[in-house]
Structures are given as structure tokens and as C-alpha cells.
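See structure below.
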Amino acid sequence: MGQERVSIGRRTFLALVAAGSGTIAACSSPNRPAERPPTEIPMSNLDRVYEITENYHVGPKRERPEPGDAAGTIWEATDPGPAGATRRSLSDGDRWIPLVVEPESPRATGEYHLTADDGFEGIQNVIDRTGGNVVIRLAPGTYVGRELTLEHGVVLVGSGRNATTLKLEDGANADLVTTPDLPDRNVMECTLRDITFDGNRANNASGNAVYGAFWNSRFVDCNFYAAPGNGFWLAGSTASTDDNQFRGCQFLNNRAAGLRGGGNKRSYPSVGVARVDTNWFGYNGGPAVTARGESWKISDSKFYANGLDGDPTIEFDRCSYSNVTGCDIHSDYPDHPLILVSASKGVESIGNQIKSNDLRGNYRSAVGCLVDGNDIVALQIHDNTIQSNGRSGSGIVARETGPGSFVDCSFRNNTFVGTTTGRAVRLPDSWRTNGNINAGRID
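Its first residue numbered 1, the sequence shown is counted upward by one per residue in full-length UniProt numbering.
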């Protein structure tokens, strides 16, 4: 690898030069003299563009600016180079750093910086050539395409969800982002951060913003928006799909669910250990979250106006050892529950908890519990505030429509605010109930 410390303005950088259309990775180094002249650096076989330290960002490709015109920005210009290579120059408006770029290697690793001009093809090319385990940083702009296929260890980072958008192209009727070979495999340790994933439902009849099987992956500060299908379908697979985390994301205006977990397009495996923390869900046609599997942890999130098509806001569908904690859940749709817990099709629902939430607005029931052939065991609904605007049906309703039953379930220390049109609490005698405030008669 060729490397040299070079000065740009008052900053000094360690330049690690890569292949392709030009690469420079930069690390600040205050211990080298700023007056060192620009140095030409031979390229090695790393690959793709550059990392810039604070206060510098990539400017658009253009002719060289006059000195001083590019202050605060690193500009680039590409010129013919020796022996079939290209020469890329970088400048902050004070001086130029020429880089000799060798022909691209067939496989490379490292950190890649792309612009919207590189498009989906550029992103996919990096993933395919590296085989994964790569960091890809996306400049502001809209990248349009379909079926971006991730691999193990891909870290895809935008410049902010209001700056970087991946958008499904018109008429694609496909998934925007996916993983390969479902349901036979997953991808491990991926990260999506600071990006809006736009499903473009106005110009597509089908497709999910993200559809894939992941293990130990992180989805942080992203928008999953306007998909004709689901905002994010965390699909099950025959491989493990445990230990995924969603933090600080928004799931908005999707035609189906905001976040769907379990099943896939070919079969119906469940998923496990999904942490859904400090997210925002709004205006999804289906549930904000529909979960199948074990150990879903939904906490400290905001839910507003989901289930436009009559679905619950949160659905635990044959789900066990999961909880909804510390959430603000609001609806003005009177024909569905805010939270629905069900057991059916040979699967019991065991050990779920609904605790310390604010459940409010207009709803058929704040919590609905449905036994449809299998048992619901040890469901705990405790310490919630259940508010009605006077038009809501019931606070909690538990029904047995098949041979299953409720076993060791409890409804305790909940507080009711406002009045409901029906009984606030409608539970079988097997439930343990005490400490509820303003619950009225418990049927």
C-alpha cells in the first residue's frame, strides 16, 4: 500500500490510496509539518474513493476551481494518467494533491465513499467485488434502483436520513433492498444507518423497502418509507435470524406493515431476539409492528395512526417471551385493538408482557387477547395507563374462540382515564386481577 502524509490547508492527512476511480482515506495527524509540499502517491489495490476528516466533504466532479473557490470543501478533478491509469487531484482551494490511480483490482476490501452519480450499480459493484465485510459511505443525494442485495458485514452509511435516499425506481414492483437465497440463508452483522429507504408506492404496485433475513444486524436512524408492501420485512430463514436491533428509525406511510417480523415469501419460519427501541411508527396501512417468534423487545417508541386498514397497531402473532414497554400508542380508528396477542395454528403464546405503556385515543380495545386453538400462557398486562376519548370500546378484552385457554395470565395495577362505550375490562375468571384504578366492574 502506498501511503504518505500530505497537507491540505491547515490539516495534515495520512493518505492511503486505492484503486478504481480514485481513493484517499484520510486521518488527521497534528504532528507533521503543514508546510510539506504536495506529494504524488502511487496507488495500491484497495479500491474506491475517500474518507475525509471533520469539516471536509466531497464536492461534485467538475473542472478545477480557482484557488480559494473551494474553501471548506475537497474538490476533485480527473486527468489522464500514465500506463492506462487515471490521475485524480484533490484540493481544498489552497493546494492540489495529485493521486495516481491504478486499474481496478477484481477484489478489494476497505472503506468506500460513493456519490449519487455512482448509483445503485456502484453500491452493488462494491458489495459484489468485496464479498461483504466492507464500509460504504454515501454522499447526499438520491440513489435510484431496485434489489440492492446485501452480504455479510456490509455497513451502509448515509449522510443523514434527510440527505441520503435510496429510492425504488418507477415500475420496478420489486424490493428496494434484499438479501440473497431466502429462506436458505441469512446475512450476518450488517448495518444500515442514516438513510431513507423510499419504496415509491405512488409508482409501484408491490415491493418492500427492505426484505431480508439478518443475524446480529443493526438498523439505526433510518427511514423506511412509502413502500407498496412493508417498510421492513425481517424475514425468517432456516439459518438463525436472531439478535437484530432497530434504533431511532421511522416507519412511515407504508401500505402494509411498518415492521414485519417472521415468515417470508416461500415459507413461514419465525424470528427471534428483535430489539425495537426508540423508533417512530406512523400512518402505516397495516400494523406498525407484526411479530412472530420469540424475544421481541419493543420499548420507548411512539406509535401514531397505524392500522389504517383495520389492523392492530402492534400484533404478537404466535409470539413468546416478548414485551411492549414504555411506549406511547395512539389511534383514532375505532375498529381495531391497539395491541393484539394471539395463539393459533399449533403455536402457544407464552410469557409475553405489556407494561408501563400509554394506550390512548379511539380504539375497539386497548389490548385484545385471542385464543384460537392454542393456549396463551403467563401473559402479564401491568402498570399501563389506558385513556379513552369517550368513544373507545373496551380497555382489555380476552376471548377464547377455540379449544385453547388462558393460563396464569394477569391484569394488574393499570389505570383507566376517561370512559369507554363498553365494559372497561372483559376477562375470563381464570385471570388474576387486582390494583386496577377506575376499571369498574370486571366481566
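We put the beta carbon where it would ideally sit given N, CA and C, even for glycine.
Note that the coordinates shown come from a computational prediction; the quantities given were computed from them, not determined experimentally.
Near residue i, what residues of its chain come up, given a Cβ to Cβ distance below 7 Å and the 5 sequence neighbours on each side ignored?
i    : result
R364 : P334, D335, H336, P337 and G393
F197 : L166, L176, V177, A209, V210, C222, N223, F224 and Y225
S159 : L138, A139, P140 and D194
G145 : G119, F120 and E169
E147 : A174, D175 and T178
T419 : S388 and G390
E151 : I127, G131, G132 and V187
S217 : E189, C190, T191 and N244
T278 : R247, G248, D300 and S301
Look at residue i and residue j and say whether their C-beta atoms are less than 7 Å apart.
i    : j    : result
V273 : S240 : no
R292 : C319 : yes
I396 : V425 : yes
L138 : L114 : yes
G207 : P180 : no
I350 : V377 : yes
S267 : P403 : no
T325 : S301 : no
A235 : A202 : no
N352 : V367 : no
G248 : V220 : yes
F411 : T385 : no
N362 : D383 : no
Per DSSP, what kind of secondary structure is residue i in: helix, strand or coil?
i    : result
I195 : coil
N125 : helix
T130 : helix
G119 : helix
G323 : It is worth fixing the name first, because residue 323 is Asn in this sequence and not Gly. Correct three-state label for N323: strand.
S356 : coil
R201 : helix
Y225 : strand
W233 : strand
T12  : Unreliable placement is indicated for T12, whose pLDDT of 29 sits below 50; the coordinate value is still reported in the next sentence. Strand at T12.
R247 : strand
T290 : strand
A343 : strand
W431 : coil
R137 : strand
Y283 : coil
How would you call residue i, buried or exposed, if buried means at least 16 neighbouring beta carbons within 10 angstroms?
i    : result
D375 : buried
G435 : exposed
S430 : exposed
D143 : Checking the sequence shown, residue 143 turns out to be Tyr, not Asp. Burial call: buried.
G199 : buried
H330 : buried
I437 : exposed
G263 : buried
D311 : buried
A172 : buried
V417 : exposed
G122 : buried
D317 : buried
T421 : exposed
G346 : exposed
Cutting at 6 Å between CB atoms, please list the residues of its own chain near residue i, excluding the five before and the five after it.
i    : result
R275 : Q245 and K297
T401 : D372
P30  : Because P30 carries a pLDDT of 37, less than 50, the predicted location of this residue cannot be relied on, and the following value inherits that uncertainty. Contacts found: none.
W233 : N208, Y211 and R260
D309 : G285
A163 : P140
T149 : T178 and P180
D328 : K302 and D358
N55  : With a pLDDT of 32 at N55, under the threshold of 50, the predicted position of this residue should be treated as unreliable, and no value is reported.
R185 : A239
R255 : R201, P228 and G285
Where do the ends of the beta strand (DSSP E) carrying residue i lie?
i    : result
S405 : Note, S405: premise wrong, no beta strand (DSSP E); not H, not E.
A264 : The amino acid at residue 264 is misidentified as Ala; the sequence shows Asn. Element bounds for N264: n/a, residue is neither H nor E.
C369 : S365 to D372
H330 : D328 to D332
L114 : E111 to L114
D335 : First-last for D335: undefined, no H or E at that position.
K167 : T164 to L168
P382 : It is His, not Pro, that sits at residue 382 in the sequence shown. Looking at the DSSP string, the run of the beta strand (DSSP E) that includes H382 is Q380 to H382.
T401 : Element bounds for T401: n/a, residue is neither H nor E.
L156 : V154 to V157
I386 : T385 to Q387
Among residues of its own chain, excluding the 5 on either side of residue i, which ones have a beta-carbon nearer than 8 Å to its beta-carbon?
i    : result
P252 : First, the residue type needs correcting, since residue 252 is Leu and not Pro in the sequence shown. Result list for L252: N223, F224, Y225, A226, G231, G258, W280, F281, G282, Y283 and N284, in chain order.
T134 : Going by the sequence as given, residue 134 is Val instead of Thr. So the qualifying residues of the chain are T109, G110, E111, Y112, V126, I127, G153, V154 and V155.
Y321 : E294, S295, I350, G351 and N352
T415 : N384, T385, I386, N436, I437 and N438
Within 7 Å (strictly less), CB to CB, does residue i reach chain B?
i    : result
D128 : The structure shown contains no chain B, having only a single protein chain.
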